[in-house]
Structure formats: C-alpha cells, structure tokens
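S.K.: Mapping of the sequence shown onto our numbering: position 239 corresponds to residue 832, and the numbering continues sequentially without gaps. All C-beta atoms, glycine included, are put in the ideal place defined by N, C-alpha and C.
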Amino acid sequence: MNFLIKPMLLVLIAMSAFSTVSNAQSKPPRLILQITVDQLRADLPKRYLHRMGDDGFNYLYKKGVVYTNAHHNHANTETIVGHATLATGATPAVHGMIGNVWFDRDDNRLIYNIEDANYPLLSKDADVSQKTELDPTQKTAKSSGRSPRKIRVSTFSDELAMHSLGKSKIFGVSVKDRGAVSMAGHAGKAFWFSKKAGDFVTSQFYYQHYPQWVLDWNSQRQPQAYANKAWKLMREADTYLFGTKDDQKWEVDFPGYGRIFPHKYGDGDGKYFTTLLTISPAGDELTAAFSKALIVNEQIGQDEVTDYLSVSFSSTDYIGHLFGSASLEMEDNLLRLDQTLASLLQFVDKHIGLNNTLIVLSADHGGADAAPYSEQLGIKAEYINPKNWNTSAAFAALHKRFGIGEALVKTYYHPYVYLDHSVIERHKLDLGEVEQAVSEEIRKFPSVAIAIPSTQIQQGNLPDSDVYNAIVNNHNPQRSGDIFVVFEPHSFINEMDGLVVAAHHGSPWKYDTHVPVIFAGNKLKAKQVSRRINTVDIAPTLASLIGTKAPSGSDGEVLKEVVKN
Ligand SMILES: [Zn+2]
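(1) If you draw a straight line from the C-alpha of Y931 to the C-alpha of G772, how long is it?
(2) Just the C-alpha distance for G657 and L869, rounded to the nearest angstrom, thanks.
(3) What span of residues does the beta strand (DSSP E) with Y850 cover, start to end?
(4) What are the boundary residues of the beta strand (DSSP E) that includes K1153?
(5) Give the range of the beta strand (DSSP E) segment to which Q627 is assigned.
(6) Just checking my contact of E878 with T950 at CB under 8 angstroms: how many whole Å lie between their CB atoms?
(7) Taking only runs that begin and end inside the region 1061-1122, name each unbroken alpha helix (DSSP H) of 4 or more residues, in chain order.
(8) Heavy atom of ligand 1 less than 8 angstroms from the Cβ of Q627, yes or no?
(9) Thinking just about the alpha-carbon of each residue, which of I1131, A956, L1138 is nearest to the one in R623?
(10) Using the C-alpha atoms, what's the distance from A635 back to E1150?
(11) Among the residues of its own chain, which have a CB less than 6 angstroms from the CB of G1074, if the five just before and after it don't count?
(12) For ligand 1, is there a heavy atom less than 8 angstroms away from the beta-carbon of G863?
(13) Helix, strand or coil for I1126, going by three-state DSSP, please let me know.
(14) Among V898, E924, P874, E891, which one has its Cα closest to the Cα of L805?
(15) Can you tell me which residues fall inside 6 angstroms of ligand 1, judged by beta-carbon distance to its nearest heavy atom, and keep chain order?
(16) Can you check which of these residues, H676, Q627, D699, N701, is closest to N693 by C-alpha distance?
(17) Below 6 angstroms CB to CB, which residues in the same chain sit around D910 once its five sequence neighbours on both sides are set aside?
(18) Based on the DSSP output, what are the partners of S903 in its beta bridges?
(19) When you compare the CB positions of I628 and L954, do they come within less than 9 angstroms of one another, or not?
(20) My output table needs one value for I1035: the three-state DSSP class, helix, strand or coil.
(21) Across the region 912-921 and the region 835-850, are there enough close Cβ pairs to call them in contact, namely three or more that are closer than 8 angstroms?
(22) For A1042, I'd like the list of residues in its chain whose CB is within less than 8 angstroms of its CB, leaving aside the five on either flank, ordered along the chain.
(23) Going by Cα to Cα distance, which pick from L679, I691, N651, G649 is closest to P1070?
(24) DSSP three-state label for H992, please.
(25) Counting only the same chain and skipping the five closest in sequence on each side, list residues whose C-beta sits under 6 angstroms from that of D1105.
(26) Between the region 704-714 and the region 737-746, do at least 3 Cβ pairs fall closer than 8 angstroms?
(27) Let me know the secondary structure DSSP gives E975 once reduced to three states.
(28) In whole angstroms, give me the CA-to-CA distance for E1154 and K782.
(29) Under the DSSP definition of a beta bridge, which residues are partnered with L1135?
(30) For the region 625-709, which segments carrying the beta strand (DSSP E) assignment without a break, of at least 3 residues, lie completely within its bounds, in sequence order?
(31) Quick one, are the C-beta atoms of A780 and R1125 less than 9 angstroms apart?
(32) D647 to T1134, Cα distance in whole Å?
(33) To test your reading of the DSSP string, which unbroken alpha helix (DSSP H) runs of 4 or more residues are found completely within the region 878-941?
(34) Looking at the unbroken beta strand (DSSP E) that takes in W785, where does it start and where does it end?
(35) Taking 8 angstroms as the threshold, find out whether the region 743-756 comes into contact with the region 823-833 through three or more Cβ pairs.
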C-alpha cells in the first residue's frame, strides 16, 4: 500500500507544480507596448546608462532580455522601412516599404510612403495639412491623406486583431505620421503630431470623427506650455561628456534656435515653433503625454484581451540630423528621453502593471556621426552632394554606346536610380545592359562604394555578405529603382529638404543597421544575448508569444530567450 501511494502522491504533486508553471506562462499579457526610438543607434543609450535613473533605460537593460547584436537586415535604413520591418517581421522586399520616398512608375512621380488621397487628414477645420519643414519626404506627397494601404503584408498588430476577433485595442502614436501608421497596421488606429495644427491628428482611414478625449486633449494646448521657453541642459554642463563641445561647427544653426544651449522655442505663434518642439525633447514629452491620455481614455490593458500600443519617439532622429549623435544636444536628449521613458513605464505600471505588460524596445535605424566629427578622429568621412557631380563624361559615354545619354535616367532619389523604361523600349535597348552600363558610370563618382543593377539582384549572383544581402532584402520588383547606390562608410548626403544637416542614416553599414532590441516586463527574466539577431525576428516572436499566426510576410525567427523565458 505504502509503496503504491507514495509514487502516486509524488506524481500528483509534480503534476500540480507543472500546471502552475504552465498557467503562469500561458497567461497572455494585457498589453504589448512596442516602443521605437527613431535613430537610436545601439551604442547610444549604453554610453549614458550610468548617468540615468533606474526606471527608464536601466529598467530595460537590467531587467529585460537584451540583444546586443541586433540589426536591420535591409539596406535603405530609413524611417518607414525600419518601422514597417519592426511591425511586420518582413523585409522591405516583401512589405514593400522600400524607402521614405520612391518613384511610382504608374503615377510617374515620386511618392511618399503612406500618402493616400482616399483618406484625407481628419480635421476640425477642413484645411489643416501637415507642414513639411525638415521633412523632405512629405513634400513629395500630393495630399495630406494617410493610410497603411501601401504596406503589402500584415503587421503583428493585424494578427492580434484577427486573433481576438477585433477585440484587442490597437493604437500607434508618434510625432511622425509614418512612425504611427506603420505600427498600428491595417486594423489599428494611428495618431501623429501635426506641426501646422500643433495637435495630434489622424486620417479618415481611421475615424470619421475624433474621439471626444482627443479633442479634449488637443484643446488643452499642451504644446503652448513650451512657448517662450527654451531647451536647457538638465544638469551642470561639466557633468556632460560633451560639456565643453556645445558649439561644433557642423551643427545646424537653425534660425533663432542656434547651435548652443539654451535653444529657444520662441513664442507660440512663431513660424517654426512646433517644428522646434520636435527638434528637442519636447516632441517626445508630448508624445508620451498623449499616449498616457490614450491609455486612460481607451482603457488600454484593463481586461484579459491583449491590447497593443506602439509609441514611436521621434526627437532623437531630428536631433541626430541637426546636431549629430556625438553632440551635447544628443547627450542631454538621451538623459531626458530616459526620464520620459521612465515616466511612461511608471504610468503603465500603475494602470496596467509591468508584470502584465510585455515591452519591446527597438529603433527604426541607427545613424552616422557627423562627417567632420569622424574626420577629427582620423576616420575618412565625407558629405556628398550628387547635384555637384559632373555627369557630362558619364552621359557622353552612355551616348556613345547606346546613341542616347541623359534621357536614359528618369530620376535619382537616393539610394535608387530610376531609368526611363519607355525610352529604353523605344530605342529597343536591353534593360539589363543599360543598367550595367549606367552602374559602371556611377561607380566612377567619388565615394560611391557600390552600384548594383536590379537585373543582377533578381538573378541572385551577388556576393554573400551582409551588405549585399541587405540590398537584396530591400528589392521589391514593383517599387525599387533600377540601380541601388551605396556610398563609402561614413559618407552620406547631408541634405534634408534644402537644409544642410550634420548627419544622416540610410546606408547598409553597421552604424545604420545596429539597433537595440530589448524585451522586458511580463515576468521576463533578465538576460544578455550576444547572438546576431535581425529586426524581422521581433514580430514573429510577439506572434508566437501570444499564439497568433505569424504576420503574413514575416521572415524572421522566433527568439527563444523571450518565448521560453
Ligand atoms: Zn527614422
């Protein structure tokens, strides 16, 4: 008798212990909070962690699963490309967002990634449209309408919506329209900051009328609280790494804002007032404030159905462009972003509980240092302006070979050169041959490292390396241009909407692809993982964790440290 009962008891005890563990693991989080910091290169937060508090970046880096060797594996490391990749787990070859701007051969013009005239901006007063200062990519848009319709595959948030029969609440918030729309996916709702209105806005894709709480929040005019104030250093100047380097000659001297602290926002009616807010930590503070109001008013994370909120912080990108990542401005921005992040996480903890919230933080791309800064360290770096290239010899060579020169090229919007297919057809030329010949000429220009014809990409006979694979992953046959151009490392076009800027991103080099990927909260145990992972792994990992289908175009692997943790 004793013999029999004892083993049975042991089995029962073991079974109950097992079921407790599996219950804890199978209970889905109430909220997935996806945080994206625009242009946050992987090394940047780590440089300042020792001077940050416990509840922001340090909470994530010390309590989370931290991937220290995470990269975007596509070549055109721009904002929509990175966001769409984080959202879908697909490469741009598949999700179709190959650049902030591409040449649409049907429309015969450059188009902006999420423009959609069918879904005008939803506005209280009918004529509000986005101002475009410092955002070249929006100047190409024909209308202020926005939608996710050009994203060709499902996002993780779409899968969550399908999984829950539409019961999951799904939202994307950002200063940038493309930072919000991409992450909200096709089934969610997106809000972004209109510089013209000074409000958080949306489009008719999402709503016919603003929710009352959004009208109420906007009517508080929180941006106006920054009027006649300035972005000042948070601490004593001598405590900063860049404390004696405020005035670097390559930083942009924006009218009234200047290169040195304090950076004045000017009065609230100023032409550039709201633009200046976005080139300062204020843009992120407003994004966080709006997100908190959303959490309360939309009752995010208040029941058993998993909700999804994406918050994309844009200030780091604007500050990186104007001042460079090696600047006093970036240093102070990151210390302030840490506080903004901490206050958002504390808010989520209070209202939902971090144990019930799975956080994932990453970036849409990294960024290069300002070229003169790299040069100071002895690293070859250069600002490039293709408009200054002397193209006459190149076009003469093409003319000699094909009987036609300049007319072969339709447009060059970096990184793609688009050839004029109708001209090539009319002259009965072979597209692949013309692409090869034009690529050969482009390679002769200074600082061009690679110029690869699309026909060669499609044939697949390229070297097997990260850079070439990233170019292939960026190639969407319907949207990509005919030639992909890569400059030498640390060399880039330093222009944004006619403004000469300090730094840029957009290359397949590691400083542009290397981003943080951190999962935290939801009872995850801290772990550092140095294995190479790709940003396409994030969406399928979230899908696996919740038990949804993988997003339709996803190309990544499920991260075992997160799912098994
Ligand atoms: Zn970006």
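M.R.: Reading it off the structure:
(1) In the sequence shown, residue 931 corresponds to position 338, counting from 1. In the sequence shown, residue 772 corresponds to position 179, counting from 1. Reading off the sequence, residue 931 comes out as Asp, not Tyr. Looking at the two C-alpha atoms, the distance is approximately 19 angstroms.
(2) The sequence position of residue 657 within the sequence shown is 64, counting from 1. The sequence position of residue 869 within the sequence shown is 276, counting from 1. About 34 angstroms.
(3) Within the sequence shown, numbered from 1, the residue matching residue 850 stands at position 257. Careful: Y850 lies outside any beta strand (DSSP E) and carries neither H nor E.
(4) Sequence index remark: in the sequence shown, residue 1153 carries index 560 (1-based). From DSSP, K1153 is part of no beta strand (DSSP E) but of the alpha helix (DSSP H) over 1153-1156.
(5) Position 34 of the sequence shown holds residue 627. Here the beta strand (DSSP E) through Q627 covers 624-630.
(6) Counting from one through the sequence shown, the residue named residue 878 turns up at place 285. Counting from one through the sequence shown, the residue named residue 950 turns up at place 357. With 8 angstroms as the limit, E878 and T950 do not qualify as a contact, their Cβ atoms being about 21 angstroms apart.
(7) Segments of the alpha helix (DSSP H) lying fully in the region 1061-1122: 1103-1106.
(8) Looking up residue 627 in the sequence shown gives position 34. No, ligand 1 has no heavy atom inside 8 angstroms of this Cβ.
(9) Here the question's residue 623 lines up with position 30 in the sequence shown. Checked all of I1131, A956, L1138; the closest Cα to R623 is L1138.
(10) Within the sequence shown, numbered from 1, the residue matching residue 1150 stands at position 557. Within the sequence shown, numbered from 1, the residue matching residue 635 stands at position 42. Roughly 20 angstroms separates the two Cα atoms.
(11) Stepping through the sequence shown from its first residue, residue 1074 is reached at position 481. Taken in chain order, the residues that qualify are Y1009, V1010, Y1011.
(12) The residue labelled residue 863 in the question sits at position 270 within the sequence shown. G863 Cβ: outside cutoff for every heavy atom of ligand 1.
(13) In the sequence shown, counting from the first residue as 1, residue 1126 sits at position 533. Looking at I1126 - three-state DSSP - the assignment turns out to be strand.
(14) Taking the sequence shown and counting its residues from 1, the one referred to as residue 805 is at position 212. Checking the sequence shown, residue 805 turns out to be Gln, not Leu. Of V898, E924, P874, E891, the residue nearest in Cα terms is E891.
(15) Qualifying residues come out as D631, Q632, T672, D910, D957, H958.
(16) Translated into the one-based positions of the sequence shown, residue 693 becomes position 100. Closest by alpha carbon: H676.
(17) Numbered from 1 along the sequence shown, position 317 holds the residue referred to as residue 910. For D910, where only same-chain residues beyond five positions count, the Cβ hits under 6 angstroms are D631, Q632.
(18) Working through the sequence shown from its first residue, we reach residue 903 at position 310. According to DSSP, which records beta bridges pairwise, S903 is partnered with Q627, G765.
(19) In the sequence shown, residue 628 corresponds to position 35, counting from 1. In the sequence shown, residue 954 corresponds to position 361, counting from 1. Their beta carbons are under 9 angstroms apart, which means I628 touches L954 by this criterion.
(20) Position 442 of the sequence shown, counting from 1, holds the residue named residue 1035. I1035: helix per DSSP, three-state reduction.
(21) Counting Cβ pairs under 8 angstroms, three or more are found: they touch.
(22) For the purposes of this step, residue 1042 is taken as the residue at position 449 of the sequence shown. The answer, listed in chain order, is V1079, F1080, E1081, P1082.
(23) Within the sequence shown, the letter at position 477 stands for residue 1070. It is I691.
(24) Within the sequence shown, residue 992 is the residue found at index 399, counting from 1. Note: H992 maps to helix in three-state DSSP.
(25) Stepping through the sequence shown from its first residue, residue 1105 is reached at position 512. These residues qualify, in order along the chain: T670, H958, G959, H1098.
(26) In short, these stretches touch, since the Cβ pair count reaches three.
(27) If you number the sequence shown from 1, residue 975 lands on position 382. Residue state, collapsed to three classes: strand.
(28) Residue numbering aside, residue 1154 sits at position 561 when the sequence shown is read from its first letter. Residue numbering aside, residue 782 sits at position 189 when the sequence shown is read from its first letter. Near 30 angstroms, if we compare the C-alpha coordinates of K782 and E1154.
(29) Translated into positions along the sequence shown, residue 1135 becomes position 542. Bridge partners of L1135: none, in fact.
(30) 658-664, 694-697, 702-705
(31) Mapped onto the sequence shown, residue 780 falls at position 187. Mapped onto the sequence shown, residue 1125 falls at position 532. No, the Cβ-Cβ distance between A780 and R1125 is not below 9 angstroms.
(32) Residue numbering aside, residue 647 sits at position 54 when the sequence shown is read from its first letter. Residue numbering aside, residue 1134 sits at position 541 when the sequence shown is read from its first letter. Taking the straight line from one Cα to the other gives about 27 angstroms.
(33) Runs of alpha helix (DSSP H) with 4 or more residues, each lying fully within the region 878-941, are found at 908-916, listed in chain order.
(34) Sequence index remark: in the sequence shown, residue 785 carries index 192 (1-based). Here the beta strand (DSSP E) through W785 covers 782-787.
(35) At 8 angstroms Cβ cutoff, the stretches do not touch.
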